[in-house]
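Report on one structure; see the data block that follows.
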Amino acid sequence: MIERYYQIGRINVKHNLLPHIIIGLALCLIAPFLMGVNNLNQYQSAQVLEMYVSLLGIVFLVPIFYLDQDANIREVVRAKYTPMIQHYLIRLFEAIILLVIFIMGFILFLHYGECDFPVGYFFMGTLAEAIFLGGLGVFIYGIVDNIVVGYMISMVYYMINFGCKPQMIPHFYLFTMMRGSYENKIYLGVGGVVLLVLGLVLREVRFRK
10 MIERYYQIGR
20 INVKHNLLPH
30 IIIGLALCLI
40 APFLMGVNNL
50 NQYQSAQVLE
60 MYVSLLGIVF
70 LVPIFYLDQD
80 ANIREVVRAK
90 YTPMIQHYLI
100 RLFEAIILLV
110 IFIMGFILFL
120 HYGECDFPVG
130 YFFMGTLAEA
140 IFLGGLGVFI
150 YGIVDNIVVG
160 YMISMVYYMI
170 NFGCKPQMIP
180 HFYLFTMMRG
190 SYENKIYLGV
200 GGVVLLVLGL
210 VLREVRFRK
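According to our numbering, numbering within the sequence shown proceeds without interruption in unit steps and concludes at 218.
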């Protein structure tokens with residue numbers, strides 16, 4: 010059983026996650042050239058994390074169904090003993106682990122760059138936002154069976170937050186750490202988990218048809 014799960018995870022890393030790991034690394038590496046990452050105050054640090062690093066959630070989470078996008082691959086997997094939902098859970102677990110590593114790595118990078126901010130709060134807040142954005146894409150992907158639409162809806166929601174006031178989406182406004190507020194990150198985190206679960210369920214139902 011463990012060997013089977015290991016093989017599922019290894020294939021996912023090799024054929025799905027590896028390109029997204031490279032994209033994630035590229036996003037982190039070009040950050041110093043796009044914005045300041047040294048001696049930032051709390052507001053500036055929150056701006057970098059909320060408006061930039063949180064996008065890693067879209068990078069890592071949305072593509073969890075990508076390997077079975079092809080109908081022929083779905084038929085092969087359907088013929089295997091391991092239920093497809095277990096494939097999804099393993100892929101999701103790996104994606105979240107990578108998301109945690111990348112966000113924490115970037116936060117430590119800011120911290121050692123003498124940026125002034127509460128590390129724990131900012132880590133949890135950024136992770137919650139990333140999970141919400143990624144979960145939204147997974148949910149849409151589960152409905153329409155199209156990864157491009159999943160990416161697009163996540164990015165549209167992200168862009169909407171630039172043009173609206175927090176009062177318009179009070180519990181799910183993305184950029185509240187810049188305002189010194191963390192409460193709504195709880196709603197984002199819980200909402201993101203719910204969207205991920207719904208996306209997995211919808212995809213499993215679609216896969217069985």
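The beta-carbon is built from N, C-alpha and C at its ideal position, and this holds for glycine as well.
Inspect the beta-carbon positions of residue i and residue j and report whether they are closer than 8 angstroms.
| i | j | result |
| --- | --- | --- |
| residue 162 | residue 149 | yes |
| residue 144 | residue 108 | no |
| residue 209 | residue 99 | no |
| residue 118 | residue 46 | yes |
| residue 58 | residue 104 | no |
| residue 198 | residue 141 | yes |
| residue 92 | residue 29 | no |
| residue 180 | residue 166 | no |
| residue 50 | residue 123 | no |
Could you please give the first and the last residue of the uninterrupted alpha helix (DSSP H) stretch that includes residue i?
| i | result |
| --- | --- |
| residue 19 | 11–21 |
| residue 25 | Note, residue 25: premise wrong, no alpha helix (DSSP H); not H, not E. |
| residue 100 | 93–121 |
| residue 130 | 128–153 |
| residue 66 | 65–70 |
Using only alpha-carbon positions, find the residue among the options that is nearest to residue i.
| i | options | result |
| --- | --- | --- |
| residue 138 | 117, 29, 200 | 200 |
| residue 55 | 135, 106, 147 | 135 |
| residue 114 | 155, 154, 36, 186 | 36 |
| residue 184 | 19, 52, 207, 146 | 52 |
| residue 158 | 169, 146, 168 | 146 |
| residue 62 | 76, 32, 121, 172 | 32 |
Taking DSSP as the reference, what is the three-state secondary structure of residue i?
| i | result |
| --- | --- |
| residue 167 | helix |
| residue 58 | helix |
| residue 182 | coil |
| residue 45 | coil |
| residue 194 | helix |
| residue 189 | coil |
| residue 37 | helix |
| residue 277 | Residue 277 is absent from the model: the chain starts at 10 and stops at 218. |
Is the beta carbon of residue i within less than 7 angstroms of some heavy atom of the ligand ADP?
| i | result |
| --- | --- |
| residue 161 | The model on display carries no ligand, and the ligand ADP is accordingly not part of it. |
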